[in-house]
């Protein structure tokens, strides 16, 4: 077998956008997505590298624009595996520069955007960079062709795709920033970009080795992801006549979920199929574990695995399950699950929802118990290995359609787990910084008649009996013993919720003053049932805390079904 030929060469930009390359963005690539901040940073860096002296351009230190990875044989045609965001942004910048120069100079820049037919050099006209079909006409008309980039201002943002909107915004940003320079500086900048700015072009003639390079670059921190690699592999093996259709399906999912959640979806899919903590890296395990094989049956994977699980994930993340009945209860569970401090519960959630979407009664039952399990593992501070082990058992039980509601199901709490949770709840809860707010919010919602969930921007957990009462305060009359104060101060029975930050000195007010000045809003009430309970008390003593402690623990037992035996 002949070794694969991989070439890596450094080119100035005028060579990159010259006759040696005709770049095409494959259908499976994600849309153009550079924000104005990224585009502005690129231009600022180039202007800084150019400097403000009159030094000859060829004597200025070169500027490195990064690496692009191509599938390319000996002819100019090249598919861009990595680097489309940079190549697109540089093309937009050259178009903005062209618009900012005199008519005499404009044509000189046009050839780096669009090459007209020339019998001496090329036999036909060609755009230097061809975007995906969905954005291609827009890009050619407003960026590459010889027209005024300012015409983009006439376009309504609402009618543009996200990628076209990014193109418009970045082009107009460049125009505005270039106007801050003199024409002489703009000419120098154009010359510097074309002759002293360099790109390393890595090219290989076959798709497999190009994505190996792509993966290596990704592991070193460039803006690539395993989702991009998986997309390239899967869409790349679909027949050409169906690639556009499935690329659109893929992009619709990515746009709906957003890039970060879309990337995490593949980790969740891997977990659903492998049911173990990753050992070899997500890419290798994804292809090994997911059945049917995504590259052997790409359309089936997209239609029967990716889309249903993505829809379930979207419903869970956005709390938007829809049903004629019980949808509100299901979405309420999604809200609480969204407050769990890890995402290990998500694979089981999306698998179960995708399998049982049309069974709202079953979904209420399952997600009530999943919420209970996830809360329990968080309260017990189960580590990553313990959580993965438990959810792996649950995934197996879901897949084999076991009864999830019998006592020995992995969805249900063991007696020992209930006992340990009660110990945590009955201890110094305030000291448990990672769970105290969550527990009090759950409790407060349960105490509210309609289980209302308040999501104020600044909710804090506060003490009734202060941690450090003043020496002459009434607190020391009711709690004269330091040991007794230590016993009660951090207990659940002594804690309330506040919806805004208060002056820390107010924490030490005597009880009656604290009720009116610290625990209530300007209207004299509190939005929290937990805090309203305290407002009804005439005094605050060890006996009151003991009674309240028992009452609140009983409520949490009821909420999470923690009775033992």
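Numbering (this note's numbering), first residue to last: 147 to 711. We treat Cβ as the ideally placed atom computed from N, Cα and C, and that holds for glycine.
So who's on the other strand from residue i, going by DSSP bridges?
i, result
"residue 155", "347"
"residue 461", "Paired residue(s): none; residue 461 is not in a bridge."
"residue 642", "608"
"residue 276", "170"
Is residue i helix, strand or coil by DSSP?
i, result
"residue 531", "helix"
"residue 609", "strand"
"residue 515", "helix"
"residue 225", "strand"
"residue 202", "coil"
"residue 260", "strand"
"residue 690", "helix"
"residue 709", "coil"
"residue 666", "coil"
"residue 696", "helix"
"residue 557", "coil"
"residue 503", "coil"
"residue 621", "helix"
"residue 548", "coil"
"residue 655", "coil"
"residue 524", "helix"
"residue 574", "coil"
Buried or exposed for residue i, please, with buried defined as at least 16 other CB atoms from any protein chain shown within 10 angstroms of its CB.
i, result
"residue 432", "buried"
"residue 525", "buried"
"residue 425", "exposed"
"residue 715", "Nothing in the structure corresponds to residue 715, since the chain is present only between 147 and 711."
"residue 639", "buried"
"residue 191", "exposed"
"residue 342", "buried"
"residue 438", "exposed"
"residue 218", "buried"
"residue 313", "buried"
"residue 440", "buried"
"residue 234", "buried"
"residue 197", "exposed"
"residue 461", "buried"
In terms of residue numbering, what span does the beta strand (DSSP E) encompassing residue i cover?
i, result
"residue 169", "168-170"
"residue 213", "209-218"
At what residues does the alpha helix (DSSP H) containing residue i begin and finish?
i, result
"residue 382", "372-382"
"residue 433", "428-435"
"residue 195", "182-196"
"residue 317", "308-324"
"residue 562", "561-571"
"residue 341", "329-342"
"residue 677", "675-681"
"residue 136", "Beyond the ends of the chain as shown, which are 147 and 711, falls residue 136; an answer cannot be given."
"residue 444", "444-447"
"residue 477", "473-483"
"residue 305", "Run containing residue 305: none; DSSP gives neither H nor E here."
"residue 633", "628-634"
"residue 296", "Unbroken run through residue 296: none, as it is neither H nor E."
"residue 246", "230-246"
To the nearest angstrom, how far is the alpha carbon of residue i from that of residue j?
i, j, result
"residue 604", "residue 645", "6 Å"
"residue 680", "residue 565", "28 Å"
"residue 588", "residue 676", "11 Å"
"residue 337", "residue 284", "27 Å"
"residue 632", "residue 686", "15 Å"
"residue 710", "residue 567", "11 Å"
"residue 201", "residue 164", "26 Å"
"residue 539", "residue 411", "20 Å"
"residue 482", "residue 496", "15 Å"
"residue 215", "residue 381", "18 Å"
"residue 187", "residue 556", "51 Å"
"residue 319", "residue 257", "23 Å"
"residue 449", "residue 505", "21 Å"
"residue 672", "residue 666", "5 Å"
"residue 213", "residue 344", "9 Å"
"residue 531", "residue 407", "22 Å"
"residue 700", "residue 706", "10 Å"
"residue 409", "residue 247", "42 Å"
"residue 489", "residue 291", "48 Å"
"residue 182", "residue 690", "58 Å"
"residue 510", "residue 458", "15 Å"
"residue 368", "residue 472", "The predicted position of residue 368 is uncertain, since its pLDDT is 42 and thus under 50; no value can be drawn from it."
"residue 621", "residue 574", "20 Å"
"residue 243", "residue 193", "13 Å"
Is the CB of residue i under 8 Å away from at least one CB in chain D?
i, result
"residue 447", "Judged by its chain identifiers, the structure shown contains no chain D, having just a single protein chain."
Could you tell me whether any non-hydrogen atom of the ligand GTP is closer than 7 Å to the CB of residue i?
i, result
"residue 207", "The ligand GTP is not among the ligands present in this structure, which contains no ligands whatsoever."
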